[in-house]
Amino acid sequence: RVNLMDSIYGNEVKRTNRIGVGLTGIHEFAWKFFKVGFYDLIEPDFDQFNAYGMNDAVESDNPKIRAAAFWQTLARFSQAVRDEAIKYSEYLGVNVPHTMLTIKPAGTTSKLFGLTEGWHLPSMIQYLRWVQFRSDSPQVQEYRDAGYPVRDLQQYAGTSIVGFPTTPLIGTLGIPDDQLVTASEASPEEQYKWIQLGEQYWLAGNDNEGEKYSNQISYTLKYNPSEVSYSEFRAMIKEWQPKVKCCSVMPQINEIAYEYCPEEAISKGQFEDIVRRISNVREEDIGLEHVDCGTGGCPIDFDSDEEEAA
Numbered sequence: 006r007v008n009l010m011d012s013i014y015g016n017e018v019k020r021t022n023r024i025g026v027g028l029t030g031i032h033e034f035a036w037k038f039f040k041v042g043f044y045d046l047i048e049p050d051f052d053q054f055n056a057y058g059m060n061d062a063v064e065s066d067n068p069k070i071r072a073a074a075f076w077q078t079l080a081r082f083s084q085a086v087r088d089e090a091i092k093y094s095e096y097l098g099v100n101v102p103h104t105m106l107t108i109k110p111a112g113t114t115s116k117l118f119g120l121t122e123g124w125h126l127p128s129m130i131q132y133l134r135w136v137q138f139r140s141d142s143p144q145v146q147e148y149r150d151a152g153y154p155v156r157d158l159q160q161y162a163g164t165s166i167v168g169f170p171t172t173p174l175i176g177t178l179g180i181p182d183d184q185l186v187t188a189s190e191a192s193p194e195e196q197y198k199w200i201q202l203g204e205q206y207w208l209a210g211n212d213n214e215g216e217k218y219s220n221q222i223s224y225t226l227k228y229n230p231s232e233v234s235y236s237e238f239r240a241m242i243k244e245w246q247p248k249v250k251c252c253s254v255m256p257q258i259n260e261i262a263y264e265y266c267p268e269e270a271i272s273k274g275q276f277e278d279i280v281r282r283i284s285n286v287r288e289e290d291i292g293l294e295h296v297d298c299g300t301g302g303c304p305i306d307f308d309s310d311e312e313e314a315a
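Structure follows, in structure tokens:
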């Protein structure tokens with residue numbers, strides 16, 4: 006129905022009627038319902054899955070069978086989107102969308118709920134989230150007294166940063182270390198395989214009919230230039246890039262070269278040490294009005310009763 010709104014691209018929207026249904030928090034979903042991590046997800050055993058059936062596969066002791074159940078579930082979700090989009094288009098009397106399935110970057114919305122972003126692997130499991138304050142703000146001293154790390158910046162005079170020890174949801178789910186994989190730990194080949202599976206089972210719904218309705222997966226593959234030589238990089242791109250619809254590639258930078266980075270990875274030991282030193286934990290307060298504005302309309306006052314809001 007959104008595509009029925011007036012637009013300067015109205016004729017093109019009417020012709021293609023594109024929509025993009027996507028997912029986020031995919032790694033958390035895979036662990037919560039299928040108890041599988043990244044390395045199992047990219048090695049599913051579909052042959053054995055076919056002998057089990059969905060219900061038994063989910064309860065299997067073999068994680069590769071559970072991984073196959075995960076991908077078949079995504080395909081079922083994909084097909085449900087496609088079926089409903091076609092039926093609803095006919096009901097509205099509009100063209101069937103040329104594209105229906107996608108994976109967007111999902112950075113902001115995912116961060117709000119502490120989830121991995123879109124199709125991406127988590128970038129860090131424990132980190133300091135550095136927040137800027139004016140150096141003369143009384144909050145800076147309050148945080149310092151409470152045990153939070155504080156730095157006074159030299160490059161930006163009069164600015165201090167406070168480090169908040171943070172772990173995303175995926176770091177609290179009890180995933181074994183050998184399955185809790187960050188973007189820097191997965192090889193380029195493993196990440197390309199992850200994209201391929203996403204294109205086949207989410208975008209296309211694992212059938213040829215769905216392929217024509219699929220858009221693309223937004224994914225940034227990270228690699229370490231100190232570990233991947235130019236010749237290896239070139240060979241990797243030539244072999245794998247033609248096998249996926251789209252993939253951005255980005256070298257990992259040395260963050261310590263910058264005085265201020267919004268997020269700084271730390272070890273589990275460092276994280277626990279910082280948390281122990283904090284005597285007065287501050288809870289982050291997120292105003293509901295900022296959350297609800299994501300729907301396109303912002304409420305005036307959440308505390309108002311129905312009559313006042315009207």
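Take the sequence shown: its letter number 209 is residue 214 in the working numbering, and every next letter is one higher. No residue lacks a Cβ here, since even glycine has one placed at the ideal position from N, Cα and C.
Around the beta carbon of S272, fewer than 16 other beta carbons lie within 10 angstroms, which makes this residue exposed.
When the alpha-carbon of P230 is set against those of K217, Q84, S223, V254, the nearest one is in V254. Taking all protein chains shown into account, I258 has fewer than 16 neighbouring C-beta atoms within 10 Å of its C-beta and is therefore exposed.
Going by C-alpha positions, G168 is about 43 Å away from G210.
In this structure the region 37 to 56 touches the region 73 to 89; the number of beta carbon pairs closer than 8 Å is three or more. Just so you know, the alpha carbons of D61 and F39 end up roughly 12 Å apart.
Secondary-structure assignment with DSSP links R156 through a beta bridge to I166. Just so you know, the alpha carbons of V26 and P173 end up roughly 24 Å apart.
Under the Cβ criterion (8 Å, minimum of three pairs), the region 143 to 151 does not count as touching the region 121 to 134. Take S165, set aside five residues on each side of it, and the residues of its chain with a beta-carbon closer than 8 Å to its own are Q137, F138, R139, S140, S142, V145, V155, R156, D157, L158, in chain order. Secondary structure of P247 (DSSP, three-state): helix. For P102 against I24, the beta-carbon gap comes to about 5 Å, under 8 Å, which counts as contact.
Going by DSSP, V136 is part of the beta strand (DSSP E) stretching over 132 to 139. With fewer than three CB-CB distances shorter than 8 Å, the region 101 to 118 does not count as touching the region 226 to 243. Between the beta-carbon of P256 and that of Y228 there is about 6 Å, and that keeps the pair under the 8 Å contact cut.
Inter-residue distance for N100 and R281 is about 59 Å (C-alpha atoms, whole angstroms). Secondary structure at Y228: strand, using DSSP grouped into helix, strand and coil.
When DSSP states are grouped into helix, strand and coil, E237 belongs to the helix group. In the displayed model, N220 falls within a strand according to three-state DSSP.
Counting other Cβ atoms within 10 Å of its Cβ, S115 reaches 16 or more and is therefore classed as buried. Taking a 10 Å sphere around the C-beta of E214, we find fewer than 16 other C-beta atoms and assign the residue as exposed.
With respect to the 7 Å criterion, Y224 and I242 are not classified as neighbours on the basis of their beta carbons. With a cutoff of 7 Å on beta-carbon distance, I175 and E277 are scored as not near each other. Residue environment analysis places Q131 among the buried positions, since at least 16 neighbouring C-beta atoms fall within 10 angstroms of its C-beta.
Just measuring C-alpha positions, the residue of F82, L97, G274, E232 sitting nearest G203 is F82. The three-state reading of DSSP puts I108 in strand, counting E and B together. In the DSSP assignment, T171 forms a beta bridge with Y132. Around the beta carbon of C252, 16 or more other beta carbons lie within 10 angstroms, which makes this residue buried.
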